[in-house]
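A.B. asks: Dropping the structure in here first, questions after.
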Amino acid sequence: MTGRGLTPPQTVGPFFHGGMLQRPLNVMVAPETKGDRVRIEGHVYDGDHAPVSDAVVEFWQANAVGRYRHPADQRSMPLDQSFAGFGRTGTDEAGAFWFETIRPGPVPFPGGGTQAPHINVAVFARGLLHHLPTRLYFEDDPAVRDDPVLRTVPEVRRATLLAKRIAGGKPVYRFDIVLQGDGETVFFLI
Amino acid sequence: MARSRDPNFPPYFYEAYRSTVRRSPRQPLIAVPHTLSEITGPGPVVSSADGEDNDLTQNLGAEGEAIGERIIVTGRVLDDDGNPVPNTLVEIWQANAAGRYRHRIDQHHAPLDPNFLGFGHCRTDEQGNYQFTTVKPGAYPWENHANAWRPAHIHFSLFGSSWVSRLVTQMYFPGDPLHELDPIFNAVPTDAARDRLIGKYAHDVTKSGWALGYRFDIILRGPEGTPFEPPVPSRTAKR
């Protein structure tokens, strides 16, 4: 530790739209982006299961082959020039949000393992004095059974991290975020 | 994994700030090791986007200038080893000089300023310096408790170098009597950490005949950030 203390976080409050969402970024793909298209739809709910209509949800993910567009990822698999991996949007009156993205590839785990494809998620809202990090995995991916992070989560709570395929032709997944109470989403200390 | 939240960070549940009561998680957060998912992050990609928009006194596109006490807010963005975080996006938003946000849900009976938008962004330079010109925001009432007023503040959002660096915070102004009454400010548990949220009057930043200067440095977690041991010295852990 150094003597420098970190700047503490504060809530985004209710008035963040101009500052953070002047240009919402919930279409994360371009026509030429490589990978399987997925649409993620969800809601943010509070401890009364009331919709949180003033939340910001951010996504950060690897591309279709599991490479992050970031200098710390120096592996040799290709970047996709048409995919940044970042998304950000707000919730509406019903607490709803959506993203159009691709299914990410698997990424390595320290010590030689592999993490199942996942999207890193951050939630900001009035009433959150610090944002809440979580992860989105795909329920229909067999790799989730062996994911080293999911295995550290008590089994009864793992389902909160699994986006569920909605019946129908298009690959649409449901991922609700429950801040508190019944079905409370697992949040991570990172 | 043995990792603790920074003891200087506000808790998720802080009863005096009423919005935390039904929005804070009740289950403990689960510590995860830092993998590629955590040591990467969107900072570099979002920071490569578009140009500067760092003069809030005239960025609405109207002819005139914002009304209020013109100020310069500047500082350095550093990681917790003291290294500058260069070329990183800094986003801000704030109320106008009368304490009113240009936002559809702000019903405060105070005037909108036709020349003030209330948000902007810039990027740090190679030494981690950022700078905004704006007007000093006003205090405004809110519904948290009887006669509740938020002290003047500017919201800041930064991505830094990794997913663990992400920070949204607020800069306050020195000498504000509302500090001690504000539950959001006081949710930060220590004097030292609260003091880090207060911009300091900086006469060397003040421009003669033009604007008062404030300095607000921001320390982000670095990519390998907090060590995996609890960062609390044993003497404070006993409390």
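Which chain is which? The protein sequence lines are A and B, in order. Numbering of the first sequence is given in our numbering, commencing with residue 949 and proceeding in unit increments. Numbering of the second sequence is given in our numbering, commencing with residue 898 and proceeding in unit increments. Backbone N, C-alpha and C define an ideal beta-carbon position, used for all residues, glycine too. Note that the structure is a prediction, hence the values are computed from the model and not measured.
(1) Could you list which residues in chain A have their beta carbon closer than 9 Å to that of isoleucine 927/B, in chain order?
(2) In the structure shown, what three-state DSSP assignment does arginine 1060/B receive?
(3) Spatial neighbours of alanine 1164/B within its chain, please: CB distance less than 6 Å, with the 5 preceding and 5 following residues excluded, ordered by chain position.
(4) So for isoleucine 968/B, helix, strand or coil by DSSP?
(5) Using a 10 Å radius around the Cβ and a threshold of 16 neighbouring Cβ atoms, would you call proline 922/B buried or exposed?
(6) If contacts are defined as beta-carbon pairs under 8 Å, then arginine 1199/A and serine 916/B qualify, I think. What distance do you get, rounded to the angstrom?
(7) Got a sec: is the Cβ-Cβ distance from serine 944/B to anything in chain A below 8 Å?
(8) Check whether the Cβ of asparagine 905/B lies closer than 8 Å to any Cβ atom in chain A.
(9) Please report the residue range of the beta strand (DSSP E) in which alanine 1064/A lies.
(10) Reducing DSSP to helix, strand and coil, say where glycine 940/B ends up.
(11) What residues from chain B crowd round leucine 1027/A, counting only those whose CB sits closer than 8 Å?
(12) Drop a sphere of 10 angstroms on the beta-carbon of arginine 1099/A, count the other beta-carbons inside from all chains shown, and report buried for 16 or more, exposed for fewer.
(13) Over what stretch of residues does the beta strand (DSSP E) that includes histidine 1042/B continue unbroken?
(14) Determine contact between the stretch 967-981 of chain B and the stretch 994-1008 of chain B, defined as no fewer than three beta-carbon pairs at a distance below 8 Å.
(15) If you pair each beta-carbon of the stretch 930-939 of chain B with each one of the stretch 1059-1068 of chain B, do three or more pairs fall below 8 Å?
(16) Which one of Glu1023/B, Cys1019/B, Gln1024/B has the shortest CA to CA distance from threonine 1030/B?
(17) Just to confirm, is the Cβ distance from glutamate 1006/A to arginine 1036/A under 8 Å?
(18) Classify methionine 976/A as helix, strand or coil using the three-state DSSP reduction.
(19) According to DSSP, which residues form a beta bridge with isoleucine 1114/A?
(20) Which residues, in chain order, does the stretch 1018-1038 of chain B contribute to contact with chain A at a C-beta distance below 9 Å?
(21) Is threonine 1087/B helix, strand or coil when you go by DSSP?
(22) Helix, strand or coil for methionine 949/A? Go by DSSP, reduced to three states.
(23) Can you check whether the C-beta of aspartate 977/B is within less than 8 Å of a C-beta belonging to chain A?
(24) Taking histidine 997/A as the reference, which of Leu973/A, Val960/A, Gly1131/A has the closest Cα?
(25) If I'm right that proline 981/B touches glutamine 924/B with Cβ under 8 Å, what's the distance once you round it to whole angstroms?
(26) Between which two residues does the alpha helix (DSSP H) harbouring histidine 965/A extend?
(27) Do leucine 975/B and aspartate 1092/B have their C-beta atoms within less than 8 Å of each other?
(28) Quick one: grab the DSSP three-state call for alanine 1091/A.
(29) Alpha carbon to alpha carbon, how far is alanine 1091/A from threonine 1062/A?
(30) Flag this pair as touching only if the stretch 901-916 of chain B and the stretch 1003-1017 of chain A have three or more C-beta atom pairs under 8 Å; answer yes or no.
(31) Which residues, in chain order, does the stretch 986-1001 of chain B contribute to contact with chain A at a C-beta distance below 9 Å?
(32) How big is the Cα-Cα spacing for valine 1129/B and histidine 1066/A?
(33) Are threonine 1066/B and glutamine 958/A close, meaning C-beta to C-beta below 8 Å?
(34) Taking 8 Å as the threshold (beta carbon to beta carbon), is proline 957/A in contact with chain B?
(35) When the Cβ atoms of the stretch 968-975 of chain A are set against those of the stretch 1023-1042 of chain A, are three or more pairs found closer than 8 Å?
(36) Within 8 Å of any Cβ in chain B, is that where the Cβ of alanine 1073/A sits?
C.D. replies: Inspection of the coordinates gives the following:
(1) Val1097, Thr1100, Val1101, Pro1102, Arg1105, Val1134, Phe1135, Phe1136, Leu1137
(2) First, the residue type needs correcting, since residue 1060/B is tryptophan and not arginine in the sequence shown. If DSSP states are grouped into helix, strand and coil, tryptophan 1060/B belongs with the helices.
(3) For residue 1164/B there is no data in the structure shown, the boundaries of chain B being 898 and 1136.
(4) strand
(5) buried
(6) Lying outside 949 to 1138, the shown extent of chain A, residue 1199/A is not represented and no answer is given.
(7) no
(8) yes
(9) Element bounds for alanine 1064/A: n/a, residue is neither H nor E.
(10) helix
(11) Residues of chain B passing the Cβ test: none, with the nearest at roughly 11 Å.
(12) exposed
(13) Unbroken run through histidine 1042/B: none, as it is neither H nor E.
(14) no
(15) yes
(16) Cys1019/B
(17) yes
(18) coil
(19) DSSP, once it has assigned bridges, lists no residue as partnering isoleucine 1114/A.
(20) His1018
(21) coil
(22) Below a pLDDT of 50, predicted positions are generally treated as unreliable, and methionine 949/A, at 42, falls in that range; the measurement from the model is reported next regardless. Three-state DSSP puts methionine 949/A in coil, outside helix and strand.
(23) yes
(24) Gly1131/A
(25) That belief does not hold up - the Cβ atoms of proline 981/B and glutamine 924/B are roughly 37 Å apart, past 8 Å.
(26) 965-968
(27) no
(28) helix
(29) 9 Å
(30) no
(31) Glu988, Ile989, Trp990, Gln991, Ala992, Tyr998, Arg999, His1000, Arg1001
(32) Confidence in valine 1129/B is poor, its pLDDT being 38 and thus under 50, which makes the residue's placement too unreliable to answer from.
(33) yes
(34) yes
(35) yes
(36) yes
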